[in-house]
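**Student:**
In our numbering, the protein residues as written are 43 to 560.
(1) Hey, quick one: how far does the beta strand (DSSP E) through residue 247 stretch, first residue to last?
(2) Quick one: give me the first and last residue of the alpha helix (DSSP H) that residue 362 is part of.
(3) Does the beta-carbon of residue 53 have 16 or more other beta-carbons within 10 angstroms, so that it is buried, or is it exposed?
(4) Tell me the residue span of the beta strand (DSSP E) that contains residue 80.
(5) With a threshold of 7 Å on Cβ separation, who are the neighbours of residue 364 within its own chain once the five nearest residues in sequence on each side are excluded?
(6) At the level of alpha carbons, what is the spacing between residue 331 and residue 413?
(7) Can you round the beta-carbon distance between residue 256 and residue 281 to whole angstroms, since I take them to be within the 8 Å contact cut?
(8) Measure from the alpha carbon of residue 481 to the alpha carbon of each residue in 271, 471, 139 and 465, then state which is nearest.
(9) Going by alpha carbons, who is nearest to residue 434 out of 391, 310, 509 and 478?
(10) Label residue 235 either buried or exposed according to how many other C-beta atoms from any shown protein chain fall within 10 Å of its C-beta, with 16 as the threshold for buried.
(11) If you draw a straight line from the alpha carbon of residue 59 to that of residue 307, how long is it in whole angstroms?
(12) Can you grab the Cα-Cα spacing for the pair residue 215 / residue 208, in whole Å?
(13) Restricting to Cα atoms, I'd like to know which of 417, 361, 351 and 358 is closest to residue 382.
(14) Give the C-beta separation of residue 509 and residue 79 to the nearest angstrom, bearing in mind that I take them to be a contact with Cβ-Cβ under 8 Å.
(15) So is residue 401 buried or exposed if we call it buried at 16+ other beta carbons inside 10 Å?
(16) How would you call residue 251, buried or exposed, if buried means at least 16 neighbouring beta carbons within 10 angstroms?
(17) Between the alpha carbons of residue 49 and residue 163, how many angstroms are there, rounded?
(18) Do residue 451 and residue 375 have their beta-carbon atoms positioned less than 7 Å apart in this structure?
(19) Please report the straight-line C-alpha distance between residue 441 and residue 142, rounded to a whole angstrom.
(20) Check each candidate in 217, 254 and 212 and name the one with the smallest Cα separation from residue 275.
(21) Can you tell me whether residue 411 is buried or exposed, with buried defined as 16 or more other CB within 10 angstroms of its CB?
(22) Using the rule of at least 16 other Cβ atoms within 10 Å of the residue's Cβ for burial, across every protein chain shown, is residue 305 buried or exposed?
(23) If I'm right that residue 246 touches residue 268 with Cβ under 8 Å, what's the distance once you round it to whole angstroms?
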């Protein structure tokens, strides 16, 4: 690994006009997608103060970054941190992967009281910048519970009021998770109505679409329709093909997105660079069976005819997705029995002493659901589609991860290694992307989409969110078997001008800010 030479210069040597930090001799990748260039970069009062050849400049601290790349801090536009960041405000797994800004509240799930959430973050202090969407599922649950029905006009009005309040509190847009309850029970008209409420304040519509398999083209069309009707930009979340029978067909999805862009719709996508997804166990059940919550599900499972219907539909869905059994589904977190974590449903079924049959594996799934459910990792995508989508110029890099407690469960490695994986695997090894384009997808592209006007580029006057890394050694270490491993190769990460990673080690500093909609 190239050494990062640190020269700590005493305050008495230089006049007060010196910068706070001076990074010399860096290979600057400025976030625009343009070719890198050699330059010095000065930081003062949390801002980028100067970029260029600063031979006569002085600073309280000077770094010789020869051989290293200096990039804007990475902006992760698809996260779920509501449950973790207040417990672990330094967000070590994020900042050690170069992330300086995140967007949470995705897939329709957010805090409804965003003012309270933002206040809690500011009281606690945070290691990176946080913004949030206002989530459809959370708003609908607040108004209607988890009922499987259409909203009344009065309920639509109440949901619109909550969305508008979230936007006034600083949300950067409105999100949906249309495969999850209760949002999956909503029709397109309801989603349009709520997106219009967000549009009054200039928000983005970010959608975990209604389908990512054989009906993905219809789902893309629905999301774009929402954006058109509401008059807002559209962000398609974790773009993928999740049906094994359709692996290799992502070109059709990309072509449809491009068609809508040619028609004048501002629609872009984000993606995590893995062939496995992660979400709850409940998605393998028919959505109608989950209405009303856990007690309602238990009642349905106690009724023989209803139970038989649930099992039939589970088997049909599994076969529809191209799987013979649940060996593609691994438990990431299951608090009632930690021994299940890191094991597939097929393996857990055998651990229970049951024969390897689909009927028994469905029984095992339902056992786990009755015990409270589990967080899962699913091998649901093909590498060909992952690479094709990553090549698409309007794909932003995003983790779909969260703030992780080291050692807790067996989560998806994306929470630890998304950006390092792109830089190591898809830039250095496979050469799928150039370094400059990879950085653009992590910085200026997401900044453009979500309106972070002072971030995502290395320019004078921009916020000093910066990442200094070795392009020859940067590497994701997290794996599906051992996910709790921090990325390597990031020498320094600055958030608002303050190091949160220094000489590859976390500092524990909490200089992050809540980024309310501008």
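Glycine included, each C-beta is placed from N, C-alpha and C at the ideal position.
**Tutor:** According to the structure data:
(1) For this step, residue 247 is matched to residue 205 along the chain shown. 246 to 250 is the span of the beta strand (DSSP E), which, as asked, contains residue 247.
(2) Here residue 362 is taken as the residue at index 320 of the chain shown, counted from 1. First-last of the alpha helix (DSSP H) with residue 362: 346 to 362.
(3) Translated into positions along the chain shown, residue 53 becomes position 11. Because residue 53 sits at a pLDDT of 30, beneath the cut-off of 50, its placement in the model cannot be relied upon, and the following sentence gives the value as read from the coordinates. The residue in question, residue 53, is exposed, as its Cβ has fewer than 16 Cβ neighbours within 10 Å.
(4) Position 38 of the chain shown, counted from the start, is the residue given in the question as residue 80. For residue 80, the enclosing beta strand (DSSP E) stretches over residues 79 to 86.
(5) Indexing the chain shown from 1 puts residue 364 at position 322. The residues 285, 286 and 287, in chain order, have a CB closer than 7 Å to that of residue 364 in the same chain once the five nearest residues on each side in sequence are set aside.
(6) On the chain shown, residue 331 is found 289 positions in, with the first residue counted as 1. On the chain shown, residue 413 is found 371 positions in, with the first residue counted as 1. Their Cα atoms are separated by approximately 16 Å.
(7) Within the chain shown, numbered from 1, the residue matching residue 256 stands at position 214. Within the chain shown, numbered from 1, the residue matching residue 281 stands at position 239. At roughly 16 Å, the Cβ-Cβ gap does not stay under 8 Å, so residue 256 and residue 281 are not in contact.
(8) Sequence index remark: in the chain shown, residue 481 carries index 439 (1-based). Ranking 271, 471, 139 and 465 by Cα distance to residue 481 puts 465 first.
(9) The count along the chain shown starts at 1 and reaches residue 434 at position 392. That would be 310, whose Cα lies nearest to the Cα of residue 434.
(10) Here residue 235 corresponds to residue number 193 of the chain shown, with the count starting at 1. Residue 235 should be labelled buried.
(11) Working through the chain shown from its first residue, we reach residue 59 at position 17. Working through the chain shown from its first residue, we reach residue 307 at position 265. Residue confidence for residue 59 is low, a pLDDT of 48 falling below 50, so the modelled location carries little weight and cannot support an answer.
(12) Residue mapping note: residue 215 aligns to position 173 of the chain shown, counting from 1. Residue mapping note: residue 208 aligns to position 166 of the chain shown, counting from 1. So the alpha carbons of these two residues sit roughly 9 Å apart.
(13) To locate residue 382, count along the chain shown from 1; it is residue 340. The shortest Cα separation from residue 382 among 417, 361, 351 and 358 belongs to 417.
(14) By 1-based counting over the chain shown, the position of residue 509 is 467. By 1-based counting over the chain shown, the position of residue 79 is 37. Actually they are not in contact, since the Cβ atoms of residue 509 and residue 79 sit about 17 Å apart, beyond 8 Å.
(15) By one-based count along the chain shown, residue 401 stands at place 359. So residue 401 ends up on the exposed side.
(16) Here residue 251 refers to the residue found at position 209 when the chain shown is read from its first residue. Residue 251 should be labelled buried.
(17) Counting from one through the chain shown, the residue named residue 49 turns up at place 7. Counting from one through the chain shown, the residue named residue 163 turns up at place 121. Here the model assigns residue 49 a pLDDT of 41, short of 50, so the residue's position is not dependable, and the following value carries that caveat. Between residue 49 and residue 163, the C-alpha separation is close to 34 Å.
(18) By 1-based counting over the chain shown, the position of residue 375 is 333. By 1-based counting over the chain shown, the position of residue 451 is 409. Cβ distance < 7 Å, so residue 375 and residue 451 count as in contact.
(19) Reading the chain shown from its first residue, position 399 is the one you call residue 441. Reading the chain shown from its first residue, position 100 is the one you call residue 142. One Cα belongs to residue 441, the other to residue 142, and the distance between them is close to 13 Å.
(20) Position 233 of the chain shown, counted from the start, is the residue given in the question as residue 275. Residue nearest to residue 275 within the set 217, 254 and 212 is 217 (criterion: CA-CA distance).
(21) For the purposes of this step, residue 411 is identified with residue 369 of the chain shown, where counting begins at 1. Its Cβ being crowded by 16 or more others within 10 Å, residue 411 is buried.
(22) On the chain shown, position 263 is the one that residue 305 refers to. By the neighbour-count criterion, in which 16 or more other beta carbons inside 10 Å mark a residue as buried, residue 305 falls on the exposed side.
(23) On the chain shown, residue 246 is found 204 positions in, with the first residue counted as 1. On the chain shown, residue 268 is found 226 positions in, with the first residue counted as 1. Incorrect: roughly 11 Å between the Cβ atoms, too far for contact.
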